[in-house]
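Structure first, commentary second.
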Amino acid sequence: MPFDHDIDLSPFNTLALPGQAARYLRVDKPAQLIDRAIADMPRFILGGGSNLVLTGDFDGLVLHMAIPGRRLLKEDAEAWYVEAGAGENWHDFVQWTLAQGWPGLENLSLIPGTVGAAPIQNIGAYGLEVGERFHSLTAWDFECGEFVSFGREACRFAYRDSLFKQEGWHLNGRLAITGVVFRLPKAWVPNTRYADVAQELAARDIAAPSPRDVAVAIIAIRQRKLPDPAITPNAGSFFHNPVVEAATAQALAERHPTLPRYPQPDGRVKLAAGWLIEQAGWKGKALGPVGMYEKQALVLVNRGGASGTDVQRTMQAVQADVQARFGVALHPEPIFV
Ligand code: FAD
Ligand code: EPU
154 MPFDHDIDLS PFNTLALPGQ AARYLRVDKP AQLIDRAIAD MPRFILGGGS NLVLTGDFDG
214 LVLHMAIPGR RLLKEDAEAW YVEAGAGENW HDFVQWTLAQ GWPGLENLSL IPGTVGAAPI
274 QNIGAYGLEV GERFHSLTAW DFECGEFVSF GREACRFAYR DSLFKQEGWH LNGRLAITGV
334 VFRLPKAWVP NTRYADVAQE LAARDIAAPS PRDVAVAIIA IRQRKLPDPA ITPNAGSFFH
394 NPVVEAATAQ ALAERHPTLP RYPQPDGRVK LAAGWLIEQA GWKGKALGPV GMYEKQALVL
454 VNRGGASGTD VQRTMQAVQA DVQARFGVAL HPEPIFV
């Protein structure tokens with residue numbers, strides 16, 4: 154297999170961080186993965202690069218997943234089953250399903266990246282996680298040398314988490330997801346339980362929204378709040394929203410009555426990292442070229458010319474200040490390469 158060499162990765166990550174891949178292969182067909190030479194090399198599997206921190210050069214092979222394709226696989230009385238190649242752009246795929254008359258993914262409109270990466274951290278937004286619409290995926294397993302399938306249960310989806318984030322799975326480049334099947338139930342009801350969505354629809358005077366109305370509302374909210382990576386490089390939320398014991402949340406709320414708290418099914422409480430970071434004084438503040446976005450404190454932005462080291466410096470300063478002020482640890486969401 155002929156590889157490209159010394160490829161600049163800065164256009165391939167939305168934080169626009171510098172770094173080179175010693176070897177690089179664009180993967181348009183699953184069959185390209187069946188190559189012993191690839192299995193024997195250190196690998197990194199790249200999608201749209203929208204959840205990455207490049208810490209420097211990568212002295213291995215970058216497999217850039219670009220497998221195209223989208224189709225209705227089957228339908229039954231209850232649902233449509235829609236399949237897409239790992240390299241499809243996520244947002245375009247979601248808008249295409251809506252145009253076909255197969256709703257269900259509209260709350261996940263405008264999330265950057267590829268279809269193949271969506272199950273990795275179980276992407277979520279505005280009251281929906283992709284695991285709720287996931288049916289199965291196919292991947293090449295470099296360790297076993299075969300194509301494997303995973304159903305929904307096997308993926309162990311949780312908040313910004315799945316089997317594939319566990320040690321030994323994709324983080325060492327073991328699995329390359331080639332395609333994903335979604336199950337979109339025919340019985341559709343609008344999901345407007347996220348307060349921002351209900352408010353946006355009310356402001357537009359829409360009482361009985363269509364799937365398209367929900368998508369348009371969510372796109373508008375996201376465009377107001379989140380920086381466009383093409384203009385202001387970023388990787389979306391930089392930290393997970395921390396989930397703490399109920400007693401910890403209660404004690405914090407007594408000292409900070411405006412602290413947003415979201416009770417979880419297991420009795421613990423999710424806190425808003427954006428609020429903690431803003432209260433710690435970091436909203437709009439920067440250390441050198443890396444700061445926290447002025448309209449959404451949870452989004453770390455590259456104001457120009459930053460390196461992976463600059464990102465880590467700001468990240469650690471934010472973590473230290475939030476820890477000192479609230480006693481809460483923040484864990485980064487993106488993957489460090
Ligand atoms: P990459 O960044 O390229 O890779 C992410 C991880 O997935 C890496 O570990 C990579 O190795 C692995 N991977 C990628 N493709 C494959 C594959 N085919 N097979 C195996 N492993 C693979 N996320 C949310 O959950 N909700 C949001 O609302 C949200 N909003 C965002 C807003 C902005 C402005 C930005 C920049 C990011 C946002 N994100 C959000 C994060 C990001 O968009 C998602 O995590 C997305 O799924 C990453 O896709 P990607 O193709 O860019 O993956
Ligand atoms: N907040 C502040 N200050 C800020 C930012 C937020 O006080 O600067 C408060 C808000 O007022 C609100 C709460 O924090 O009370 C939550 O804010 P928001 O609705 O903007 O959502 P978030 O928790 O910051 C999460 C996801 C996003 C997702 C949105 C919508 C995580 C880590 N982030 O953000 O996902 O789009 O909810 O569902 O769970 C991503 O993962 O990259 C991402 C963008």
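Under the numbering used here, residue 490 is the last one in the sequence shown; the count climbs by one each step, no gaps. All C-beta atoms in this analysis are idealised placements derived from N, C-alpha and C, irrespective of residue type, glycine included.
According to DSSP, residues forming a beta bridge with residue i
i	result
D161	Q173
L440	V443
V454	N387, G444
K227	Y234
F300	W293
N242	T267
K423	V396, Y415
D463	Per DSSP, none; premise fails for D463.
E282	G277
V180	M218
P485	F392
A361	In the DSSP output, where bridge partners are listed per residue, A361 has none listed.
L205	I488
A311	D314
F287	F335
Closer than 7 Å: residue i CB and nearest the ligand FAD heavy atom
i	result
P164	no
M218	yes
L199	yes
I264	yes
Q274	yes
L281	no
N387	yes
N204	yes
I430	no
A192	no
Distance cut-off 7 Å: residue i Cβ against heavy atoms of the ligand EPU
i	result
P382	no
H409	no
K378	yes
Q173	no
D159	no
A368	no
Y234	no
E259	no
A425	yes
E486	yes
A470	no
D314	no
Residue interval of the beta strand (DSSP E) (run including residue i)
i	result
V333	328-338
L214	211-218
R196	196-199
Enclosing alpha helix (DSSP H) for residue i [first to last residue]
i	result
R375	364-378
I191	189-192
D349	348-356
A307	305-308
Min CB distance residue i to chain C below 8 Å
i	result
D419	Although the question refers to chain C, the structure presented lacks it and comprises just one protein chain.
heavy atom of the ligand FMN below 7 Å from residue i C-beta
i	result
H393	Summarising the ligand content, the structure contains the ligand FAD and the ligand EPU and does not contain the ligand FMN.
* To do: Would you check if there are 3 or more beta carbon pairs closer than 8 Å linking the segment 432-443 to the segment 458-478?
  => yes
* Pair every Cβ in the segment 238-250 with every Cβ in the segment 350-363, then say whether three or more of these pairs are closer than 8 Å. => no
* To do: Take every Cβ of the segment 183-190, pair it with every Cβ of the segment 250-266, and state whether three or more of those distances are shorter than 8 Å.
  => no
* Asked: Counting pairs of beta carbons, one from the segment 199-210 and one from the segment 295-305, are three or more of them closer than 8 Å?
  -> no
* Would you check if the segment 284-296 and the segment 367-374 touch, i.e. whether three or more CB-CB distances between them fall below 8 Å? => no
* Asked: Is the segment 333-343 in contact with the segment 218-237, if contact means three or more CB pairs nearer than 8 Å?
  -> yes
* To do: May I ask you to verify whether the segment 385-403 touches the segment 287-300, counting CB pairs closer than 8 Å and requiring at least 3?
  => no
* **Contact the segment 207-220 vs the segment 176-186: 3+ CB pairs below 8 Å** => yes
* Stretch pair the segment 481-490 + the segment 383-399: three plus CB contacts closer than 8 Å -> yes
* Asked: Should the segment 344-358 be regarded as contacting the segment 217-232, the criterion being three or more beta carbon pairs within less than 8 Å?
  -> no
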